[in-house]
Amino acid sequence: MTSEYVARLRRLTAVGQVEAIIGRPGALINLKQRDRLDDGGATVLAHSPIAGFGYRDARGDRRATFVGGTPGFVRVHTPRRISLAAPADEPGPISGGVSFVFLLPGVGETLRLNGSVTGQDRSRIQVEIQEAYVHCPRCILRSRLWEQPRSASSAPGSTRLEVTVKRVEGGVFSTHAHDTLRVGDRLSVRGPSGNLRVSGEVVMVAAGSGITPMMSILRSGLDGALLYGNRDETSILFADELDRLQRSRPGLSVTHRLTRPGPAWTGQRGRLDTEAVRTWLDEVAASPAAQYVLCGPDPVMRTVHDVLAERGVPDDRIHQESYTSAVVAPVAGTGPHLMTVEDGGHEVAAVTVTPGETLLAAGAPMPYSCTVGNCGECVVRLRAGDVTMSSPNCLTPEQRAAGFVLTCVTQPTSAVTVDVADSY
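Just add 726 to wherever you are in the sequence shown, counting from 1, and you've got the numbering used here.
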């Protein structure tokens, strides 16, 4: 990815330039878009129980959430003015442009509204409509909004969000969580940001706290086989629940493997090495349609991935989630490079990225979560300069072509400028 290529993308700054490449929309397409609600749009709002809502918060950060809960939650005052209750999780004022995707169960299309906030009191937001059009539901289908990722311990769809924090010797947050946090304490968190979505026959391999997404899978009712590695009996997370689930579900098998078990241990002993994984997979005898889920330290996942690859399991059936920072090989022959960080075109930081460092590791104020290229939380747009980004990662070819990079797995090969305000 070069700065010259990104510069070519940036030359398209007007609608006319885009139309010169792909052509102007036909008359029928233009008829879809209105600058106000017609009777049909007002009817949709009267019956829609939920909508996706995009806006900027009081700090100017992009936010997206769901609003609604009951049919008719939006009030139509005039064909060009609506109001709705402010999101419960947004204490500050909302201003500027906003967008909505209104969903109507049983109807195969969505209503899209774009507009601007004209006023807000303590409870309601006033919006002036600038664009209204009906849109096919493919955007919703592609997003798979109804399939919640399994990064938390709780089952998707549960009203209770549960996360797993394993105490790590010397760990700053894990020690704080176990020793200091009390019922009623409030934390400001991001995510969950994982992307594990599976169904059908599932084969799982976990080590240590890598059991977290597996518990979400098992609690949702999916059956399959689990190989779980730990040090000793006391380090097995969810030991009692795993035992109960296995006894109550004939379609579920759980195999524990410990490296330092006590003398009374009768299960498997040793590391999750190549031979152990091969033997276990032979016993499982999964069908060709099975999906494989891996979570644990990077060496364990590499071992399992290699064994699956030698058996011909395609990559699209292997899902993995890491919880340790990615090891990014340093780019040979490069010295320190200046990174300028912008937010909406305004410079907010300038730091030096030393050889072997990722953009994220340089310490500039940028969002992040997983640090291994899985979640997309650290995505920024490359505005200038050249970089190299490790693969595999969660970006699509289209996102990479548009100039997006993940700071946690990207190193500069020249001075670079990135913008944290640009999101895909």
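We put the beta carbon where it would ideally sit given N, CA and C, even for glycine.
>> Please report the distance separating the alpha-carbon of L837 from that of Q1017.
In response: Counted from its first residue, the sequence shown places residue 837 at position 111. Counted from its first residue, the sequence shown places residue 1017 at position 291. About 35 Å.
> How many Å lie between T673 and V1135 at the Cα?
Replying inline: This structure cannot settle anything about residue 673, because the visible part of the chain is limited to 727 through 1150.
> Are the beta-carbon atoms belonging to G950 and V924 less than 7 Å from one another?
Replying inline: The sequence position of residue 950 within the sequence shown is 224, counting from 1. The sequence position of residue 924 within the sequence shown is 198, counting from 1. Cβ atoms of G950 and V924: not closer than 7 Å.
>> Does the distance between the C-beta of A1087 and the nearest non-hydrogen atom of the ligand PLP fall short of 6 Å?
In response: The ligand PLP is not part of this structure, which contains no ligands at all.
> Three-state secondary structure (DSSP) at V909?
Replying inline: On the sequence shown, position 183 is the one that residue 909 refers to. Coil.
> In its own chain, which residues sit with a C-beta less than 8 Å from the C-beta of S900, not counting the 5 before and 5 after it?
Replying inline: For the purposes of this step, residue 900 is taken as the residue at position 174 of the sequence shown. V891, K892, R893, V894.
>> Whole angstroms are fine: how far does the CA of C1120 sit from the CA of R1028?
In response: One-based indexing of the sequence shown puts residue 1028 at position 302. One-based indexing of the sequence shown puts residue 1120 at position 394. The alpha-carbon atoms of R1028 and C1120 are separated by roughly 17 Å.
> Just reading off the beta strand (DSSP E) that T844 is part of, what are its end residues?
Replying inline: Here residue 844 is taken as the residue at index 118 of the sequence shown, counted from 1. Residues 836 to 846.
> Going along the chain, which residues of its own chain have a beta-carbon closer than 6 Å to the beta-carbon of V1026, five neighbours each way excluded?
Replying inline: By one-based count along the sequence shown, residue 1026 stands at place 300. Closer than 6 Å at the Cβ level, and outside the excluded window around V1026, lie A933, L998.
> Considering only residues of the same chain and omitting the five flanking positions on each side of T985, which have a CB-CB separation below 7 Å?
Replying inline: Position 259 of the sequence shown, counted from the start, is the residue given in the question as residue 985. Once the five neighbours on either side are set aside, the close Cβ partners of T985 are R957, G996, R997.
>> Measuring straight from C-alpha to C-alpha, what distance separates S809 and F799?
In response: As a first step, residue 809 must be located in the sequence shown, where it is residue number 83. As a first step, residue 799 must be located in the sequence shown, where it is residue number 73. Approximately 9 Å between the Cα atoms of the pair.
>> With DSSP as the reference, identify every bridge partner of E967, one or two as the case may be.
In response: The residue you call residue 967 lines up with position 241 of the sequence shown. Looking at the DSSP assignment, E967 forms no beta bridge with any residue, so it has no partner.
> Where DSSP assigns a beta bridge to S809, which residues make up the other side?
Replying inline: The residue labelled residue 809 in the question sits at position 83 within the sequence shown. The partner list for S809 (beta bridge, DSSP) reads R801, Q852.
> Between the C-alpha atoms of P1062 and G1071, what's the straight-line distance to the nearest angstrom?
Replying inline: By 1-based counting over the sequence shown, the position of residue 1062 is 336. By 1-based counting over the sequence shown, the position of residue 1071 is 345. Near 24 Å, if we compare the C-alpha coordinates of G1071 and P1062.
> Where does E1124 land, buried or exposed, given buried means 16+ other C-beta within 10 angstroms?
Replying inline: As a first step, residue 1124 must be located in the sequence shown, where it is residue number 398. Its Cβ having fewer than 16 others within 10 Å, E1124 is exposed.
>> Using the three-state DSSP reduction, which class does M940 fall into: helix, strand or coil?
In response: Indexing the sequence shown from 1 puts residue 940 at position 214. The answer is helix: DSSP assigns M940 an H, G or I state.
>> Spatial neighbours of H861 within its chain, please: C-beta separation below 6 Å, excluding the five flanking residues on both sides.
In response: Stepping through the sequence shown from its first residue, residue 861 is reached at position 135. Closer than 6 Å at Cβ, skipping near neighbours: T836, R838.
> Which two residues bound the contiguous alpha helix (DSSP H) that contains V1030?
Replying inline: Along the sequence shown, read from residue 1 onward, the residue named residue 1030 stands at position 304. Per DSSP, V1030 belongs to the alpha helix (DSSP H) from 1024 to 1036.
> In its own chain, which residues sit with a C-beta less than 7 Å from the C-beta of T1143, not counting the 5 before and 5 after it?
Replying inline: Indexing the sequence shown from 1 puts residue 1143 at position 417. So the qualifying residues of the chain are T1066, E1068, R1109, A1110, G1111.
>> Per DSSP, what are the beta-bridge partners of L953 in this structure?
In response: Position 227 of the sequence shown, counted from the first residue, corresponds to residue 953. According to DSSP, which records beta bridges pairwise, L953 is partnered with V931, T981.
>> Whether or not the stretch 827 to 834 and the stretch 767 to 784 are in contact is what I'm after, with contact meaning three or more pairs of Cβ atoms, one per stretch, closer than 8 Å; do they touch?
In response: yes
> Between the Cα of V793 and the Cα atoms of G1129, R850, D787, which residue gives the shortest distance?
Replying inline: Numbered from 1 along the sequence shown, position 67 holds the residue referred to as residue 793. Of G1129, R850, D787, the residue nearest in Cα terms is R850.
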